[in-house]
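The listed protein sequences correspond, in order, to chains E and R. Following the UniProt record's numbering, the numbering of the first sequence begins with 1 at its first residue and continues without gaps. Following the UniProt record's numbering, the numbering of the second sequence begins with 1 at its first residue and continues without gaps. Notes follow once the structure below has been shown.
Number of protein chains: 2
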Amino acid sequence: MEHLREIGVIARSLDSLSNIEFKEVDLSKGQYLYMVRICENPGIIQEKLAEMIMVDRTTAARAIMKLEEKGFIEKRDDESNRRIKKLFPTEKGLSVYPFIVREHEHSNAVALEGFSEDEADILLRLLRRVRKNVEKDWEYVKKGNKRSY
Amino acid sequence: MEHLREIGVIARSLDSLSNIEFKEVDLSKGQYLYMVRICENPGIIQEKLAEMIMVDRTTAARAIMKLEEKGFIEKRDDESNRRIKKLFPTEKGLSVYPFIVREHEHSNAVALEGFSEDEADILLRLLRRVRKNVEKDWEYVKKGNKRSY
DNA sequence: ATCTGTATGTTGTATTTGCAACATTTCTAT
DNA sequence: ATAGAAATGTTGCAAATACAACATACAGAT
Numbered sequence: 001m002e003h004l005r006e007i008g009v010i011a012r013s014l015d016s017l018s019n020i021e022f023k024e025v026d027l028s029k030g031q032y033l034y035m036v037r038i039c040e041n042p043g044i045i046q047e048k049l050a051e052m053i054m055v056d057r058t059t060a061a062r063a064i065m066k067l068e069e070k071g072f073i074e075k076r077d078d079e080s081n082r083r084i085k086k087l088f089p090t091e092k093g094l095s096v097y098p099f100i101v102r103e104h105e106h107s108n109a110v111a112l113e114g115f116s117e118d119e120a121d122i123l124l125r126l127l128r129r130v131r132k133n134v135e136k137d138w139e140y141v142k143k144g145n146k147r148s149y
Numbered sequence: 001m002e003h004l005r006e007i008g009v010i011a012r013s014l015d016s017l018s019n020i021e022f023k024e025v026d027l028s029k030g031q032y033l034y035m036v037r038i039c040e041n042p043g044i045i046q047e048k049l050a051e052m053i054m055v056d057r058t059t060a061a062r063a064i065m066k067l068e069e070k071g072f073i074e075k076r077d078d079e080s081n082r083r084i085k086k087l088f089p090t091e092k093g094l095s096v097y098p099f100i101v102r103e104h105e106h107s108n109a110v111a112l113e114g115f116s117e118d119e120a121d122i123l124l125r126l127l128r129r130v131r132k133n134v135e136k137d138w139e140y141v142k143k144g145n146k147r148s149y
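Spelled out as structure tokens, the structure:
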């Protein structure tokens with residue numbers, strides 16, 4: 001039970017730091033999450049992005065809309081599937097990417113201060129497993145089902 | 001850099017599940033965080049609670065206000081220090097505590113599925129270290145300072 | 001060819017979140 | 001003793017968040 005709390009606290013703390021620091025490049029709360037992934041996965045669609053970040057579809061939709069309005073990304077229609085809109089970074093979007101990466105690298109360095117390479121490695125492996133475990137339940141519940149326990 | 005993303009994703013996912021599930025006991029988004037800690041630390045003050053959870057002071061203030069309005073907790077003045085207000089769970093608050101614990105235990109079990117006890121242990125230890133590393137920066141920045149990197 | 005279900009996206013609305021700015025009380029250093 | 005700094009709490013406002021409900025397009029089965 002304590003694991004979850006630690007994870008929650010760490011995540012809030014880092015998110016809070018990121019949000020403060022990314023104001024400098026005109027990204028408001030939460031937007032860096034989407035921005036960085038669109039840069040790394042150009043052409044990704046909204047729905048998949050929301051799943052990747054594990055955030056509500058509608059929240060993602062609005063964050064992405066703002067990113068488009070601000071000129072960080074652009075939505076392109078797909079001819080073979082008229083439902084989807086592919087997301088691409090603009091020049092402006094690409095120009096903030098290195099800033100985001102630098103911040104993330106710094107935060108990571110802070111978070112892992114005092115960790116040996118092995119320890120950092122072990123932690124990453126364990127976290128990946130936790131994520132995989134958790135995402136099943138998330139998708140299940142987000143599709144409207146109810147966990148029983 | 002990947003560590004942070006995994007942590008963020010896991011945290012959002014679990015928080016999202018918790019928020020959905022705690023509606024059942026009339027706790028709205030985020031309130032479980034405060035509720036559970038007030039039960040475990042009766043008499044804690046708002047400021048310390050915000051630090052413990054690593055959330056903005058004003059966000060905590062409002063969540064706590066709502067908890068009081070809904071009768072889950074009660075604020076008591078302190079005679080020796082007129083600034084602070086100590087927080088205590090009411091009967092109603094205490095009555096939802098076991099529900100929260102059960103949910104957390106379930107989520108933890110899901111998150112750690114397939115983990116040996118050793119692995120779970122290692123993960124917890126590593127997470128605690130990460131939290132300690134991160135909370136320094138958080139307090140620094142939350143006090144209005146700017147990290148340089 | 002049509003019906004039904006699912007995938008994807010949007011809008012309406014209520015709530016939470018968080019910065020900035022403030023008020024009050026306590027603490028610290030002179 | 002007093003001025004300034006820090007701790008604690010609140011309020012105003014702007015923004016993000018998320019549920020519900022909807023719209024449209026596609027996919028699969030009959």
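C-beta: ideal position from N, C-alpha, C; glycine also.
- Three or more pairs of CB atoms, one per stretch, sit closer than 8 Å, so the stretch 38-52 of chain E contacts the stretch 81-89 of chain E.
- For glutamate 74(R), the enclosing beta strand (DSSP E) begins and ends at 73-77.
- Residue-level contact by beta carbon fails for serine 148(E) and chain R, as no gap is shorter than 7 Å.
- Taking a Cβ-Cβ cut-off of 8 Å, the neighbours of arginine 102(E) in chain R comprise Tyr149, given in sequence order.
- Collapsing the DSSP output to three states places phenylalanine 88(E) in a strand.
- Taken through DSSP and simplified to helix, strand or coil, isoleucine 64(E) comes out as helix.
- Residue contact with chain E for isoleucine 64(R): absent (no Cβ-Cβ distance below 7 Å to any residue of chain E).
- For serine 16(R), the uninterrupted alpha helix (DSSP H) run begins and ends at 2-22, by DSSP.
- Within chain E, no residue has its CB atom less than 9 Å from the CB of alanine 61(R), the nearest being about 16 Å off.
- Cα atoms of glutamate 6(R) and proline 89(R): separation of roughly 34 Å, rounded to the nearest angstrom.
- Distance from the CA atom of glutamate 105(R) to the CA atom of proline 98(R), rounded to whole angstroms, is 10 Å.
- The alpha carbon of lysine 136(R) has as its nearest neighbour, out of Ser13(E), Glu2(E), Arg128(E), the alpha carbon of Ser13(E).
- A distance below 7 Å separates the beta carbons of isoleucine 53(E) and leucine 33(E).
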